[in-house]
Amino acid sequence: MIRILACLAAAFFLVSSPAHSQQASRLDEIMKRGTLRVGLTGDYLPFSSFDAVTSKFRGFDVDMAEALGKALGVKVEYVHTAWPQMTRDFEADNFDIAMGGVSITLDRQKKGLFSSPIMREGKTPIARCTDRGKYQTIADIDKPGTRVIVNSGGTNERFARANVKNAEIRVYNDNVTIFDEIAKGDADLMITDASETRYQQKLHAGVLCAVHPEKPFDFAEKAYWLQRDFALKAFVDQWLHIAVEDGSFKKIYAAWFE
């Protein structure tokens, strides 16, 4: 009994000691450092795009990152990553937060925390407008002779491999020009996030058409992927809540999606 009481006393001391209670959070570290490190792939408009000539990022989540940096009172440092290596970069602590159209997954949740969702999503096809009626369902798509193109390493490839067994799956490593492959007839369709199909339909007006983006095949949400620090998550969630309520989120959203 004496030993148990001693252990309990020691545990209470550790929990209540100033050193333990004042341990710096990542939020504290970011503000002390003066920079917020944001991981972006730079190949997923309208969320993020990287210009190799100017070495600058642009996109919806770039504008959101700048707004978050301003709210924190720090500068934003962009870290270039890629979908196949994003998880490795996250685990290596190369950035504090991953932005740029990141989908919530349970595998990612195991390694970090997600902010409040910023939009509802789901996978849906995009094809040449002349073929839009051919690819309404997975069964329509999953036939021999159909050429499904996917970008490497992300949720698009995982969805295709889980659902497409008879059609050809072609992996294409340049997410910037992947839609041109469909436009010129070297692939038939891509299954990707509804938000991206809407944006690419606008860029390829009259050539590529989103297939029922309002009714995607599955359910998903996009959010910001944070290193596991609850103080940082609480701040980001509160910032997002205020941005939605004061109209600043809607203003940034409209500039890229409408």
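First residue of the sequence shown: 129, per the numbering used here; consecutive thereafter.
Glycine is no exception: its CB is placed at the ideal position from the N, C-alpha and C atoms.
- H369 sits in a helix when the DSSP states are folded into three classes.
- In the DSSP annotation of this structure, the continuous segment of the beta strand (DSSP E) that includes V166 starts and ends at T163 to L168.
- Secondary structure of F223 (DSSP, three-state): coil.
- Note that the region 222-234 touches the region 346-366; at least 3 beta-carbon pairs, one per stretch, sit closer than 8 Å.
- For I319 and I380, the gap between their C-alpha atoms comes out near 26 Å.
- Of the candidates F178, P341 and V278, V278 places its Cα closest to the Cα of A315.
- Using a 10 angstroms sphere on the CB of A255, the tally of other CB atoms reaches 16 or more, which defines it as buried.
- Setting aside the 5 residues that flank it on each side, D268 is surrounded in the same chain by K262, each with a C-beta closer than 7 Å to its C-beta; the list follows chain order.
- Y263 is bridged by DSSP to nothing; it lacks a bridge partner.
- In the structure shown, the three-state DSSP call for E249 is strand.
- Residue pairing from DSSP places H208 in a beta bridge opposite L168.
- Of the residues assessed, F363 falls on the buried side of the cut-off, its CB having 16 or more other CB atoms within 10 angstroms.
- DSSP places F185 inside the beta strand (DSSP E), whose first and last residues are K184 to R186.
- Relative to V304, the option among L200, T169 and S153 whose CA is nearest is T169.
- Pairwise C-beta distances place the region 325-345 out of contact with the region 209-221, as fewer than three of them are shorter than 8 Å.
- Judged by DSSP in its simplified three-state form, E349 adopts strand.
- A distance of 7 Å or more separates the beta carbons of G167 and F175.
- With distances taken between CA atoms, D321 lies nearest to G228 out of L360, R275 and G228.
- Distance from the Cα of I310 is smallest, within the candidate group Q328, K203 and L196, for Q328.
- Within the DSSP bridge table, the entry for C257 names no partner.
- Between H208 and F185, the alpha-carbon positions lie close to 9 Å from each other.
- One alpha carbon belongs to A180, the other to W367, and they sit about 31 Å apart.
- About 23 Å separates the beta carbon of R326 from that of R298, a gap too long to meet the 8 Å contact definition.
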